[in-house]
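Structure record follows, encoded as structure tokens.
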Amino acid sequence: MLSALLTFGLMTATPPATSNNPIFPGWYADPEIHVFQGRYYVYPTYSAPYEKQTFLEAFSSPDLVHWHREGRVLDFAQIPWSTNRAAWAPSVIERNGTYYMYFSAGDGAGIGVATSKDPGGPFLDALGKPLIKDVINGAQAIDANAFIDDDGQAYLYYGGWKHANVVRLNDDMTSTEGEFIEITPENYVEGSFMLKKNGEYYFMWSEGGWGNDSYGVAYARAKSPLGPFVRIGKILGTDPAVGKGAGHHSVLRLPGTDEYVICYHRRPLEETDANARQVCLDKLEFDADGNILPVRQTFTGVPAHPIP
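Residue numbers (my numbering): 3 to 310.
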């Protein structure tokens, strides 16, 4: 009887759930992942021709597996200074109970900042004008990434046209302080992201062309949030067995663990449209010296991880 019960148990055992890739349906790109108010949130670009990119959306999940579409969290129709097109690459951060979204308004309109009391929005324009508009140090004002260091100092990393800048943010998170410092590493194109681990600063970015197979992610390490950042190597790109042009990513340390995931977009192998991009999750791992290992792209994604 015992052996029969064991056999039955083995036959009916349910394998651990995984996120699967893509993690939610639709064409999306440039995802930034966070944990806010006990849920995971992903803020992506709606991947479509520029004229149709007039809004930004969010998705949330309790466990990385079951995703809920929060809907439109920022609408360019409510932002008069935007060109009402080319809404790109939101970056969201929380400070003192307010959520700040830094977003790219394409066609040279610049980087804006919007605020909300809820991570699911709606986010409303905070300034009535761009936070950053001018081309400084050759860097296009797109693809912002907000980062708050352990000492409370906030920074904004951004850039395009193969140049990257960092600038300090004031405590109000809606104004900058001091000079714009160029930190461009070799092969940088766009998609800045900052990760701090064990006291070191990992500056990450996208290189290659976003619309083709050359797109990918590389990184550098430094002892300061201001660099210097010297390129170490590429960790993500095209996998001819899985997906093409994988890039423009973000990284999250899973709550209650020392494990990390990378959230990124890639193009299915069978797709030729540059905008046919999907949001995926895979593990991000480090070697004993703290270097980032090449990312293994999968269709299964990562195991379920409910927030403790």
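All C-beta atoms in this analysis are idealised placements derived from N, C-alpha and C, irrespective of residue type, glycine included.
All values reported here derive from a predicted model rather than from experimental measurement.
Residues bridged to W207 by DSSP?
A220
Measuring CA to CA, which of G110, Q80, F26 and S106 is closest to R71?
F26
Inter-stretch contact (C-beta, 8 Å, three-pair minimum) for the stretch 122–129 and the stretch 179–195:
no
Taking 8 Å as the CB-CB limit, is D260 close to chain B?
Given the protein chain composition of this structure (a single chain), no chain B is represented.
Measure the CB-CB distance between P257 and D151 and report whether it falls below 8 Å.
no
By alpha-carbon positions, which one of N22, V94 and G40 ends up nearest to P46?
V94
Is the number of C-beta pairs between the stretch 296–310 and the stretch 19–38 that are closer than 8 Å three or more?
yes
With a Cβ-Cβ cutoff of 8 Å, do A143 and G193 count as a contact?
no
Assuming E48 contacts Y30 under a Cβ cut-off of 8 Å, what Cβ separation, rounded to an integer in Å, is found between them?
The residue asked about is misnamed: residue 48 is Tyr in this sequence, not Glu. Between Y30 and Y48 the Cβ distance is about 6 Å, and since that is below 8 Å, they are a contact.
When we look at the beta-carbon of L238 and count the other beta-carbons within 10 Å, is it buried (16 or more) or exposed?
buried
Pull up the CB-CB distance for S118 and Y101, whole angstroms please, since I reckon it's below 8 Å.
5 Å
At the level of alpha carbons, what is the spacing between A276 and W207?
19 Å
Cβ-Cβ distance between F61 and R74 below 8 Å:
no
Which residue from G108, D136, G123 and Y203 puts its Cα closest to that of F149?
Y203
So what's F61 in DSSP terms, helix, strand or just coil?
strand
Simplified DSSP state of A276, which is helix, strand or coil:
coil
Buried or exposed: where does E209 fall if 16 or more other Cβ atoms within 10 Å of its Cβ makes it buried?
buried
Provide the residue span of the beta strand (DSSP E) that contains M196, from first to last.
E192 to K199
Beta-carbon within less than 6 Å of D241's beta-carbon, same chain only, minus the 5 sequence neighbours each way: which residues are those?
Q299
Quick check for students: name the residue ranges of the beta strand (DSSP E) that lie wholly in the stretch 124–195, counting only runs of 3 or more.
147–150, 156–160, 167–171 and 178–184
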